[in-house]
Amino acid sequence: MHEGPFTVFVEEAHEDSADLLFLPEATAADWATVFSYAEVRRVGAGLALVQAGEHDRALYLLTEGTVGVRLPRDEGAFKQIEAPSVLGELSFFDGYPRSATLEAVTDVEVVRIDLAAFDRLHEHEPAIANLMLRDLARILALRLRLASAVIADLRGS
Numbered sequence: 000m001h002e003g004p005f006t007v008f009v010e011e012a013h014e015d016s017a018d019l020l021f022l023p024e025a026t027a028a029d030w031a032t033v034f035s036y037a038e039v040r041r042v043g044a045g046l047a048l049v050q051a052g053e054h055d056r057a058l059y060l061l062t063e064g065t066v067g068v069r070l071p072r073d074e075g076a077f078k079q080i081e082a083p084s085v086l087g088e089l090s091f092f093d094g095y096p097r098s099a100t101l102e103a104v105t106d107v108e109v110v111r112i113d114l115a116a117f118d119r120l121h122e123h124e125p126a127i128a129n130l131m132l133r134d135l136a137r138i139l140a141l142r143l144r145l146a147s148a149v150i151a152d153l154r155g156s
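Residue numbering for the sequence shown follows numbering that gives the first Met the number 0, starting at 0 and increasing by one per position.
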């Protein structure tokens with residue numbers, strides 16, 4: 000059984016930042032409940048977990064391994080993300096196509112939660128689902144603040 004917390008990847012921050020932990024107060028029972036609505040996938044090294052441009056609104060919890068992040072038209076990954084991490088939260092919320100390709104650098108294991116699974120989780124365990132949504136929103140707000148700070152630094156503000 001996998002236990003949290005999971006770190007949300009933020010390009011401009013260290014992945015081990017305590018501010019980026021996803022559901023840091025969740026118990027092993029909470030994680031077991033979340034995972035019972037999810038699908039475990041294993042992806043071999045060198046293969047893509049998700050492709051840029053793909054329509055996939057699932058949220059991924061990287062439980063084992065390392066993935067590389069590659070932007071469209073780039074030859075190689077500009078960043079690597081190690082487990083435990085949360086991936087795909089932007090498309091999960093906004094429904095837009097994936098903005099980057101995630102390639103397995105090592106063999107990886109992810110726990111995939113698509114919208115239908117999340118809806119079932121919300122129906123049967125609303126407190127956990129609401130906690131997930133609030134925490135993802137908190138992390139997205141942090142990412143926006145970090146991105147704003149990077150833009151301000153680039154502009155010399």
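Ideal Cβ placement from N, Cα and C applies to all residues, glycine included.
Notebook entry, point to check: To which residues of the same chain is A99 closer than 7 Å at the C-beta, ignoring the five residues directly before and after it?
Noted result: Answer for A99: A51, V68, R69, L70, listed in chain order.
Check: Using DSSP with H/G/I as helix, E/B as strand and the rest coil, what is F77?
Finding: coil
Notebook entry, point to check: Is DSSP giving T32 helix, strand or coil here?
Noted result: helix
Next item on the list: Can you tell me the Cβ-Cβ gap for L19 and I138, rounded? I've got them flagged as a contact below 8 Å.
Entry: The distance from the Cβ of L19 to that of I138 is about 6 Å, consistent with a contact at the 8 Å cut-off.
Notebook entry, point to check: Terminal residues of the continuous alpha helix (DSSP H) containing E63?
Noted result: Where E63 is concerned, there is no enclosing alpha helix (DSSP H), although the beta strand (DSSP E) it sits in stretches over 58–63.
Notebook entry, point to check: Nearest to G43 by CA position, among D152, V109, F117, is which residue?
Noted result: V109
Next item on the list: Take the Cβ of S84 as the centre, count every other Cβ of all protein chains shown within 10 Å, and call the residue buried at 16 or more, exposed below.
Entry: It is buried - the Cβ of S84 has at least 16 other Cβ atoms within 10 Å.
Next item on the list: Verify whether the separation of the beta carbon atoms of L48 and E88 is less than 9 Å.
Entry: no
Check: What is the rounded straight-line gap between the Cα of I127 and the Cα of A28?
Finding: 11 Å
Note to self: Let's test the definition: count the other Cβ atoms within 10 Å of the Cβ of G64 and tell me whether it reaches 16, buried, or not, exposed.
What the structure shows: buried
Notebook entry, point to check: When DSSP labels each residue in this structure, what does E108 get in the three-state scheme?
Noted result: strand
Notebook entry, point to check: Straight-line CA distance for Y95 to L58?
Noted result: 13 Å
Note to self: Relative to the C-alpha of V33, which candidate in L130, F77, R56, D93 has its C-alpha closest?
What the structure shows: L130
Item checked: Terminal residues of the alpha helix (DSSP H) in which S90 lies -> 88–93
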